[in-house]
Every structure is written in C-alpha cells, then in structure tokens.
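A.B. asks: Numbering (the numbering used here), first residue to last: 10 to 169.
The beta carbon of each residue, even a glycine, is placed where N, CA and C say it ideally should be.
Quick caveat, the model's predicted, so the values are computed rather than measured.
1. Taking DSSP as the reference, what is the three-state secondary structure of residue 75?
2. In three-state terms, what does DSSP make of residue 111?
3. Just to confirm, does residue 67 get its C-beta within under 7 Å of one of the non-hydrogen atoms of the ligand COA?
4. When the Cα atoms are used, what is the spatial distance from residue 67 to residue 19?
5. Mind pulling the alpha helix (DSSP H) runs of 4 or more residues that sit fully within the segment 43-94?
6. Name the DSSP beta bridge partners of residue 16, please?
7. With burial defined as no fewer than 16 other Cβ atoms inside 10 Å of the residue's Cβ, what is the status of residue 90: buried or exposed?
8. Quick check on residue 151: does DSSP put it in helix, strand or coil?
9. Report, in whole angstroms, the separation of the C-beta atoms of residue 151 and residue 130, which I expect to be a contact under 8 Å.
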C-alpha cells in the first residue's frame with residue numbers, strides 16, 4: 010500500500026503493509042526515533058504525535074489513516090520557533106522529563122499550546138493523565154507547561 014502525507018513539514022511517499030500501525034511506520038520505516046512504542050494500547054503516551062492538529066497516540070492509528078495527513082513529531086517540533094517557549098518553561102520550572110519521556114512530553118505540550126495558549130491546571134492534568142512517566146512529577150510537569158504557555162503568549166510565535 011502506497012501512502013503520501015506531510016511529516017514534520019516535508020512530503021513523504023512510502024509503501025507499507027495494510028496491517029501496519031502508524032507508530033511502526035514512523036519509527037521503523039521512517040526512522041522517527043523519538044517514538045517509543047511500548048504498550049501498543051494508548052496507555053503510556055510515548056508514541057504521541059500531532060495528527061491533523063490533534064494529539065493522538067500513534068500506536069492506536071493504522072498507517073493507512075495517514076494518507077494525505079499532516080503529522081508532527083518531536084523531531085519537527087524541536088526545529089520550530091515554538092520549541093524555545095517549551096524548553097524555557099521546562100527549564101524555569103525544573104520539569105524536564107527524562108530522555109525517554111522527553112519527546113512525548115514536548116509533543117503533548119505543543120498540542121496543548123496549539124489549542125489553548127492559556128491552559129489551566131485541570132486541562133493540563135487531564136491531558137497528562139493519559140501518559141505514564143515515573144521520572145517527572147505531574148505537578149512539576151504541569152508547572153512547566155503553564156510556564157511554557159506564558160512564554161508562548163509573550164513570544165511572536167503565538168498564533169492564537
């Protein structure tokens with residue numbers, strides 16, 4: 010099955026099997042190393058991507074759903090101007106997750122900020138509750154995202 014879509018701002022044309030999960034296509038065939046397929050059930054959050062503007066767990070999505078889609082992963086977000094806001098927020102609140110969880114938390118933060126540049130604690134906690142991270146306290150992570158939102162609102166990158 011041949012698919013074409015936009016991945017991190019670049020056109021991709023790839024052939025894969027109809028039964029392939031999107032996480033496997035991205036990780037195994039397209040070398041997106043930030044995805045850590047672990048649970049294959051949407052429980053850990055380590056395969057989080059932005060798919061047509063929505064936060065999704067790529068282990069739950071069949072690869073064929075990517076046809077004509079726009080997908081952003083950690084690799085694309087860190088190259089964007091908006092990453093500086095996320096990085097600064099995490100640094101100021103000392104809420105950087107471990108290297109294993111970092112990519113998914115950056116993707117999740119970017120998704121939150123794209124949808125609401127002034128998220129409240131409850132909104133952030135609801136999104137984070139769908140992820141697993143034993144290295145970073147959710148309270149600290151929430152503070153880091155709130156601080157990133159503050160910087161996003163004050164930067165010229167903010168779109169909404």
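C.D. replies: This is what the structure gives:
1. By 1-based counting over the chain shown, the position of residue 75 is 66. Three-state DSSP puts residue 75 in a helix.
2. In the chain shown, the residue the question calls residue 111 occupies position 102. Here residue 111 sits in helix by DSSP.
3. You won't find the ligand COA in this model; it holds no ligand whatsoever.
4. The count along the chain shown starts at 1 and reaches residue 67 at position 58. The count along the chain shown starts at 1 and reaches residue 19 at position 10. Distance between the alpha carbons of residue 67 and residue 19 is about 18 Å.
5. 83-86
6. Taking the first residue of the chain shown as position 1, residue 16 is located at position 7. In the DSSP output, where bridge partners are listed per residue, residue 16 has 19 and 80.
7. Here residue 90 refers to the residue found at position 81 of the chain shown. So residue 90 ends up on the exposed side.
8. Residue mapping note: residue 151 aligns to position 142 of the chain shown, counting from 1. Note: residue 151 maps to helix in three-state DSSP.
9. Mapped onto the chain shown, residue 151 falls at position 142. Mapped onto the chain shown, residue 130 falls at position 121. For a cut-off of 8 Å, the C-beta gap from residue 151 to residue 130 is around 6 Å, short enough to register as a contact.
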